[in-house]
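**Student:** Please read through the structure below; I'll follow up with questions.
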Amino acid sequence: GAVVSQHPSRVICKSGTSVKIECRSLDFQATTMFWYRQFPKQSLMLMATSNEGSKATYEQGVEKDKFLINHASLTLSTLTVTSAHPEDSSFYICSARVLLNTEAFFGQGTRLTVV
Amino acid sequence: GIQVEQSPPDLILQEGANSTLRCNFSDSVNNLQWFHQNPWGQLINLFYIPSGTKQNGRLSATTVATERYSLLYISSSQTTDSGVYFCAVETDSGNTPLVFGKGTRLSVIA
């Protein structure tokens with residue numbers, strides 16, 4: 001299957017700092033990527049849809065100024081958590097498809113801990 | 116929006132036992148996938164199965180789209196099968212996000 005690579009896999013940061021998470025499609029181009037968040041023992045919740053060359057679409061309740069998404073190329077989307085607080089601690093995971101109407105593949109995920 | 120319900124929420128099996136996990140969805144879907152989330156959080160693609168039946172080793176899945184449910188069968192379970200199994204659906208065609216159920220947490224004990 002297709003490979004979606006996410007980096008870093010784990011990060012610890014201090015409150016008030018910003019953290020950038022990268023999501024790359026390694027062997028295909030992805031005009032659209034999706035960012036999810038997962039709290040412990042819960043399901044994955046969609047945060048936003050990242051569109052190459054245009055603004056991201058955020059789900060209701062997700063602060064676009066806190067979670068900055070940039071999709072500058074067909075193989076890279078980044079999620080920046082700005083002014084992080086302990087409540088932002090979570091597992092963040094990205095997803096992409098090779099072609100329309102095909103299966104989605106997920107990155108390895110990033111476990112963010114804000115202290 | 117669409118509702119995705121998985122059952123049972125938790126399941127404990129003796130190694131070697133068989134099990135069936137169920138996924139019900141409230142509206143027609145264009146895509147349905149089953150995933151296994153390992154202890155490190157990685158989502159492993161098990162099946163892409165908007166309809167019909169597929170088998171891969173000890174795992175098989177069936178989706179009856181007209182009746183809005185899918186089943187995941189695990190036979191001769193092993194301790195490495197432990198983890199959370201998610202069903203996720205896509206309601207529109209094209210490239211739209213998956214909506215996840217709450218998952219079934221499986222523990223296989225030796």
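Top line first, the protein sequences correspond to chains Z and V. Quick note on numbering: the first sequence equals residues 1 to 115 in the working numbering. Quick note on numbering: the second sequence equals residues 116 to 225 in the working numbering. All C-beta atoms in this analysis are idealised placements derived from N, C-alpha and C, irrespective of residue type, glycine included.
Let me check understanding here. Comparing Cα to Cα, which of Q129(V), F150(V), F215(V) and P154(V) lies closest to G116(V)?
**Tutor:** For the residues Q129(V), F150(V), F215(V) and P154(V), the minimum Cα distance to G116(V) belongs to F215(V).
**Student:** When you compare the CB of I12(Z) with every CB in chain V, is at least one pair closer than 8 Å?
**Tutor:** By this cut-off, I12(Z) is not an interface position.
**Student:** List, in chain order, every chain Z residue whose beta-carbon is nearer than 8 Å to that of K217(V).
**Tutor:** Near K217(V) (Cβ distances below 8 Å), the residues of chain Z are Q42 and S43.
**Student:** Spatial neighbours of A180(V) within its chain, please: C-beta separation below 6 Å, excluding the five flanking residues on both sides.
**Tutor:** S166, listed in sequence order.
**Student:** Following the continuous beta strand (DSSP E) through R75(Z), name the residue where it begins and the one where it ends.
**Tutor:** As written in the sequence, residue 75(Z) is Thr, which differs from the Arg given in the question. Note, T75(Z): premise wrong, no beta strand (DSSP E); not H, not E.
**Student:** When you compare each of P123(V), V119(V) and Q118(V) to V199(V) by their alpha carbons, which one comes out closest?
**Tutor:** Comparing Cα-Cα distances from V199(V) to each of P123(V), V119(V) and Q118(V), the minimum goes to P123(V).
**Student:** Report, in whole angstroms, the separation of the C-beta atoms of V190(V) and N153(V), which I expect to be a contact under 8 Å.
**Tutor:** The sequence as given places Ser at residue 190(V); Val does not occur at that position. Their Cβ separation, rounded to whole angstroms, is 20 Å, which puts S190(V) and N153(V) out of contact at 8 Å.
**Student:** Of the residues G1(Z), W35(Z) and S25(Z), which one's Cα is nearest the Cα of S90(Z)?
**Tutor:** Answer by Cα proximity: W35(Z).
**Student:** Under the assumption that S5(Z) contacts M33(Z) (Cβ atoms under 8 Å), give the Cβ distance between them as a whole number of angstroms.
**Tutor:** In fact, because the Cβ distance is near 12 Å, the residues do not count as touching under 8 Å.
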